[in-house]
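In the working numbering, the protein residues as written are 41 to 195.
The following block contains the structure:
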């Protein structure tokens, strides 16, 4: 079954980088995902411009023309990832914290207050990706769990 989605891309023209940041059911949700990410990162941009390209994509410039977001409409055959989740139990959280040797300032997704979890799901467009990170006390992603594991293997 085909469905139309709106996918966020972050573009860095200087280094020719284009990163996919999630897909949403509507363009409005996609824009909200970008704005929520800025909120999580505590980024405040006063000169945001939105421009519709000839191909119909929406480009969101936030100050430097070399870096911008692009929302593109596309068709996919699979379902969008789920946004619902079940919290890990206290025992599961404690076990994972011990395995990862976390400090008190490093938090798992399941330890964050609900408003932070909700904003992360909006920003990342699903409930799977946010679980791949560790977070600061204010809900900002700090490091991917797999990268932390890799670094500890090298030490």
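By construction, the Cβ of each residue, glycine as well, lies at the ideal position given by its N, Cα and C atoms.
- The alpha carbon of residue 95 has as its nearest neighbour, out of 113, 87, 86 and 78, the alpha carbon of 113.
- Excluding five sequence positions before and after residue 107, the CB atoms of its chain that fall closer than 6 Å to its own CB belong to 52, given in chain order.
- Within the stretch 132-177, the beta strand (DSSP E) runs of at least 3 residues that lie entirely inside it are, in chain order, 173-175.
- By the C-beta criterion, the stretch 131-151 is judged not to be in contact with the stretch 86-95, since fewer than 3 inter-stretch pairs fall below 8 Å.
- In this structure, the alpha-carbon of residue 68 lies about 34 Å from that of residue 188.
- If you look at residue 76, you'll find it in the alpha helix (DSSP H) that goes 67-81.
- Here residue 181 is bridged, per DSSP, to 175.
- Per DSSP, the beta bridge partners of residue 52 are 57 and 107.
- Residues 62 and 170 of the same chain have their beta carbon placed closer than 7 Å to that of residue 164, with the five preceding and five following residues left out of the count.
- Around the C-beta of residue 103, fewer than 16 other C-beta atoms lie within 10 Å, and the residue is accordingly described as exposed.
- Residue 151 and residue 176 have their C-alpha atoms some 11 Å from each other.
- Counting other Cβ atoms within 10 Å of its Cβ, residue 183 stays below 16 and is therefore classed as exposed.
- For residue 91, the enclosing beta strand (DSSP E) covers residues 89-92.
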